[in-house]
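Engineer: Take a look at this one; I'll ask things after.
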Amino acid sequence: MKFLRDAFDKARPNFSEGGKFAFLHSVFDGFETFMFVPGHATHSKVHVRDGIDMKRTMITVVVAMLPVLLFGIWNVGYQHFLATGEGESMMEQVITGLIQVLPIIVVSYGVGLGIEFYFAQRRGHPINEGFLVSGLLIPLILPPTIPLWMVALGTAFAVIIGKEVFGGSGMNLLNPALTARVFLFFAYPAYMSGEFLSNGDAVWFLGNREALVDGFTGATSLSQIAAGVDIQYSVWDMFMGFEKGSIGETSVLATLIGAFILIISGIGSWKIMSSVFVGGFLMGTVFNMIGGTPFLEMPAYYHLLIGGFAFGAVYMATDPVSAAQTETGKIIYGLLIGVMTVLIRVANPAYPEGMMMAILLMNVFAPTIDYFVVESNKKRRLKRATV
Amino acid sequence: MQDLINIGVKSIFIDNMIFAYFLGMCSYLAVSKKVSTAIGLGAAVIFVLGITIPLNWLVYNYFLKPGAMTWTGIEELATADLSFIGLIIYISVIASFVQLTEMVVEKLSPALYAALGIFLPLIAVNCSILGGALFMIGRPYNLAEATTFGLGSGIGWFLAVVALAAIREKLKYSHVPAPLRGLGITFIIVGLMSFGFLSFMGFSIN
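As they're listed, the protein sequences go chains A and B. Numbering (the working numbering) for the first sequence: 57 to 443. Numbering (the working numbering) for the second sequence: 211 to 416.
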């Protein structure tokens, strides 16, 4: 490690004020703090309670996403071979998955970090670590068959319009990863629902369509139920994630492992996560009581298992920037996301999946929720103070 | 009943005055700097839309529509078509109603009057109010549906303006690029907000 330290110390004068590369100061800073714990201290009075900083927070979230990512990579390969009816070995499945998923991750990180670096230089702020998370979330919520230029376009939109115009990390209005997805969803709807290969039915299949086995249908569980057909996956398959869908969203089990890491490390809010599940379950139960169509009668807990519900609840809704900030606000925010997701799934035939739209809608209203929570707190405390 | 719910949901979220028709933008952008004033103006818009749209519905269906005045029993009036003066009539109904409200509020509750200040008279020239009246004429609504539509449009405007104000209050602390400060970033925010409101596109209760 000594030689690294020396290399940084030797290069520092070039990047400090007056040096040759002074305009690249934040790049240097970014790499240095990536390798070593920064030695910065606060200039005013002491207020540090913990050694945690942005970098450690973000890396913890990335670690929490690894189970989902690994499972997603394998599942992409597994679904592919399920469609072609060959390739039994686990190794082959993982490799096929990697070939498909890795380029998406590389493009998302490359484009996003490139833009981040550029803005950091131009605006003279340190490089934000926030994109380490968003850059991995974006591939996880896209279908594996998406063209790479779309990944680049969506990422660029999310980073520039969704984040940098507001002044970088910590200021964005909407969740950046969802901004990328919603942009692509409305710009290229056919690609996003996996329909572009075929004559109407959704296909999660890489490559030549001729090679499909007979009787193979490419529908996700959500598109099956929306079409009025019974879901062909068992509860166990849906829980484990042996189904089609966006890369990271299928496995509830892997998501729960991630949730465990986030909650134990105190980084994800358990209030938001649990209230999203409660909200979704309540709304599902209400629809069960109304009944009538297969979708309305679907058991309430199915809603929590299919599609991106668990993934959205754990990784998306808990984004500390775009979620509600107050403690009571978090519960209201989570409940409304759960309720809205099920409502959109069932009552809005335009979208098979409601999670993305519900989170975006509540992102928009999160500051409003906070405002009213703070106002009611003020009112309560004022009452107490005047006694 | 189902029709009314559908019209309500549609006018609040899907055909939102701001995000779908860009109506009432001027006061929307100007008065969304603080949540408290946004609530005041939003409430006033709900109130005025909720009353003037049914009023204009009555005016249209009993005076202006071709053959609307058959109820008078006078033959010349029964065949008259006054819809060409519609625009003037609607705006006068709106303006006089707003004036009336202003006077009543000033008399009964000076506190509320002071809080609303200039916003109450401003509503008379808010395009979402006249826009609401014109949409109502173009659609085959009955009186109950027109009232629901008016209230729904008002609530949609209220939600939009309060949410924007809360976001802008929060945004005071962020480091927005200098050229975008003020209206520029507000337009971008409104664009991103409309993503959220797209959730309801295609929504229907059967």
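Even glycine gets a Cβ: it sits at the ideal position worked out from N, Cα and C. It should be emphasised that the depicted structure is a prediction, and the values quoted were computed from it without experimental measurement.
1. Could you please tell me which residues of the region 382-408 of chain A, in chain order, have their CB closer than 9 angstroms to any CB of chain B?
2. In three-state DSSP terms, what is A/Y247?
3. 9 angstroms is my cut-off, CB to CB: does A/K419 come that close to chain B?
4. Is A/W205 buried or exposed, if buried means 16 or more other CB atoms sit within 10 Å of its CB?
5. Within 9 angstroms (strictly less), CB to CB, does B/G406 reach chain A?
6. Examine the Cβ distances between the region 123-139 of chain A and the region 149-160 of chain A and report whether three or more of them are shorter than 8 angstroms.
7. Closer than 9 angstroms, CB to CB, is A/Y427 near chain B or not?
8. Does the pairing of the region 355-363 of chain B with the region 255-269 of chain B give three or more beta-carbon distances under 8 angstroms?
9. Where does the unbroken alpha helix (DSSP H) through A/E305 begin, and where does it stop?
10. Where does A/R179 sit, in a helix, a strand or coil, going by DSSP?
11. Give a yes or no on contact between the region 244-259 of chain B and the region 319-338 of chain B, applying the rule of three or more CB pairs nearer than 8 angstroms.
12. Which of the three DSSP states, helix, strand or coil, is assigned to B/R391?
13. Relative to the alpha-carbon of A/T341, which residue among A/L352, A/F71, A/Y247, A/A236 has its alpha-carbon at the smallest distance?
14. Find the residues of chain B that neighbour A/I328, judging by a C-beta separation of less than 9 angstroms, and give them in chain order.
15. Touch check for the region 346-357 of chain B and the region 365-378 of chain B: three-plus C-beta pairs under 8 angstroms?
16. With 9 angstroms as the C-beta to C-beta threshold (strictly closer), list the residues of the region 214-226 of chain A near chain B in chain order.
17. List the residues of chain B whose Cβ lies closer than 7 angstroms to the Cβ of A/V238, in chain order.
18. Under 7 angstroms Cβ to Cβ from A/N70, same chain only, skipping five residues before and after it: list those, please.
19. Where does B/S404 sit, in a helix, a strand or coil, going by DSSP?
20. Compare the C-alpha of B/I263 against each of B/F345, B/S242, B/P389 and name the closest.
21. Could you name the residues of the same chain whose beta carbon sits closer than 7 angstroms to that of B/S237, not counting the 5 residues immediately before and after it, in chain order?
22. So which residues on chain B does A/P423 lean against when the C-beta distance must stay under 8 angstroms?
23. Where does A/H16 fall in DSSP's three states?
24. First and last residue of the alpha helix (DSSP H) that includes B/G412?
25. So, at 7 angstroms on beta carbons, what are the nonlocal neighbours of B/T280 in its own chain, with the 5 sequence-adjacent residues on each side left out?
26. Rounded to whole angstroms, what is the Cα-Cα separation between A/L183 and A/F222?
27. On the three-state DSSP scale, how would you describe A/S190?
28. Name the chain A residues that come within less than 7 angstroms of B/M411, Cβ to Cβ?
29. I'd like to know whether the C-beta atoms of A/I393 and A/G304 end up nearer to each other than 9 angstroms.
30. Would you kindly check if the distance between the Cβ of B/F413 and the Cβ of A/T235 is under 9 angstroms?
31. Roughly how far, in whole angstroms, is the beta-carbon of A/G186 from the beta-carbon of A/Y165, given that I think they are within contact range, below 8 angstroms?
32. Could you check if A/K434 is buried or exposed, using at least 16 other CB atoms within 10 Å of its CB as the buried criterion?
33. Roughly how many angstroms separate the alpha carbons of B/L297 and B/T311, rounded to a whole number?
34. Given this structure, state the Cα-to-Cα distance separating A/T442 from B/S306, to the nearest angstrom.
Structural biologist: With the given structure in hand:
1. Taking 9 angstroms as the Cβ-Cβ cut-off against chain B, the residues of the region 382-408 of chain A that qualify are M396, L399, I400, A403, N404, P405, A406, Y407.
2. Locating residue 247 of chain A in the first sequence gives position 191, counting from the first residue. Under the three-state reduction of DSSP, A/Y247 is assigned to helix.
3. Position 363 of the first sequence holds residue 419 of chain A. First, the residue type needs correcting, since residue 419 of chain A is Asn and not Lys in the sequence shown. Interface residue, yes.
4. Looking up residue 205 of chain A in the first sequence gives position 149. Classification for A/W205: exposed.
5. Numbered from 1 along the second sequence, position 196 holds the residue referred to as residue 406 of chain B. For B/G406, a Cβ of chain A is located within less than 9 angstroms of the residue's own Cβ.
6. Judged by Cβ distances under 8 angstroms, the region 123-139 of chain A makes contact with the region 149-160 of chain A, as three or more pairs qualify.
7. In the first sequence, the residue the question calls residue 427 of chain A occupies position 371. Interface residue, yes.
8. Taking 8 angstroms as the limit for Cβ pairs, the verdict is that the region 255-269 of chain B does touch the region 355-363 of chain B.
9. To locate residue 305 of chain A, count along the first sequence from 1; it is residue 249. That residue, A/E305, is in no alpha helix (DSSP H); it is neither H nor E in DSSP.
10. In the first sequence, residue 179 of chain A corresponds to position 123, counting from 1. Assignment of A/R179 by DSSP, reduced to helix, strand and coil, places it in the helix class.
11. Per the Cβ contact rule, the region 244-259 of chain B is in contact with the region 319-338 of chain B (3 or more Cβ pairs under 8 angstroms).
12. Position 181 of the second sequence, counting from 1, holds the residue named residue 391 of chain B. Residue state, collapsed to three classes: coil.
13. Taking the first sequence and counting its residues from 1, one reaches residue 341 of chain A at position 285. When each option's Cα is compared against that of A/T341, the closest is A/L352.
14. On the first sequence, position 272 is the one that residue 328 of chain A refers to. A/I328 does not reach chain B, its nearest Cβ partner there being about 17 angstroms away, counting only Cβ pairs nearer than 9 angstroms.
15. Contact fails: fewer than three Cβ-Cβ distances are below 8 angstroms.
16. Cβ contacts with chain B come from I217, G218, E220, V221, F222, G223, G224, G226.
17. For the purposes of this step, residue 238 of chain A is identified with residue 182 of the first sequence, where counting begins at 1. F405, listed in chain order.
18. Translated into positions along the first sequence, residue 70 of chain A becomes position 14. If the five residues before and after A/N70 are omitted, its C-beta is found closer than 7 angstroms to the C-beta atoms of K76, F77, all from its own chain and listed in chain order.
19. Within the second sequence, the letter at position 194 stands for residue 404 of chain B. Helix at B/S404.
20. Position 53 of the second sequence holds residue 263 of chain B. By alpha-carbon distance to B/I263, the top candidate from B/F345, B/S242, B/P389 is B/F345.
21. Your numbering for residue 237 of chain B matches position 27 in the second sequence. Excluding sequence neighbours, B/S237 sits near L251, L332, N336.
22. On the first sequence, position 367 is the one that residue 423 of chain A refers to. For A/P423, the residues of chain B that pass the 8 angstroms Cβ criterion are A373, A376, I377, E379, K380, in the order they occur in the chain.
23. Because chain A in this structure spans residues 57 to 443, residue 16 of chain A falls outside the shown range and cannot be described.
24. Counting from 1 along the second sequence, the entry for residue 412 of chain B is found at position 202. Boundaries for B/G412: no alpha helix (DSSP H) harbours it, and the DSSP string shows neither H nor E there.
25. The sequence position of residue 280 of chain B within the second sequence is 70, counting from 1. Cβ within range, chain order: A288.
26. Reading the first sequence from its first residue, position 127 is the one you call residue 183 of chain A. Reading the first sequence from its first residue, position 166 is the one you call residue 222 of chain A. The sequence shown places Ile at residue 183 of chain A, not Leu. So the alpha carbons of these two residues sit roughly 15 angstroms apart.
27. Within the first sequence, numbered from 1, the residue matching residue 190 of chain A stands at position 134. For A/S190, the secondary structure class from DSSP, reduced to helix, strand or coil, is helix.
28. Position 201 of the second sequence, counted from the start, is the residue given in the question as residue 411 of chain B. Within chain A, the residues A406 have their CB atoms less than 7 angstroms from the CB of B/M411, given in chain order.
29. On the first sequence, residue 393 of chain A is found 337 positions in, with the first residue counted as 1. On the first sequence, residue 304 of chain A is found 248 positions in, with the first residue counted as 1. Taking 9 angstroms as the Cβ cut-off, A/I393 and A/G304 do not qualify as a contacting pair.
30. As a first step, residue 235 of chain A is located in the first sequence; it is residue number 179 there, counting from the start. As a first step, residue 413 of chain B is located in the second sequence; it is residue number 203 there, counting from the start. When the beta-carbon positions are compared, A/T235 and B/F413 stay at least 9 angstroms from each other.
31. As a position in the first sequence, residue 186 of chain A is number 130, starting the count at 1. As a position in the first sequence, residue 165 of chain A is number 109, starting the count at 1. Between A/Y165 and A/G186 the Cβ distance is about 13 angstroms, and since that is not below 8 angstroms, they are no contact.
32. Sequence index remark: in the first sequence, residue 434 of chain A carries index 378 (1-based). Answer is exposed; the Cβ neighbour count stays below 16.
33. If you number the second sequence from 1, residue 297 of chain B lands on position 87. If you number the second sequence from 1, residue 311 of chain B lands on position 101. Counting only the Cα atoms, B/T311 lies some 21 angstroms from B/L297.
34. By 1-based counting over the first sequence, the position of residue 442 of chain A is 386. By 1-based counting over the second sequence, the position of residue 306 of chain B is 96. So the two alpha carbons sit approximately 44 angstroms from each other.
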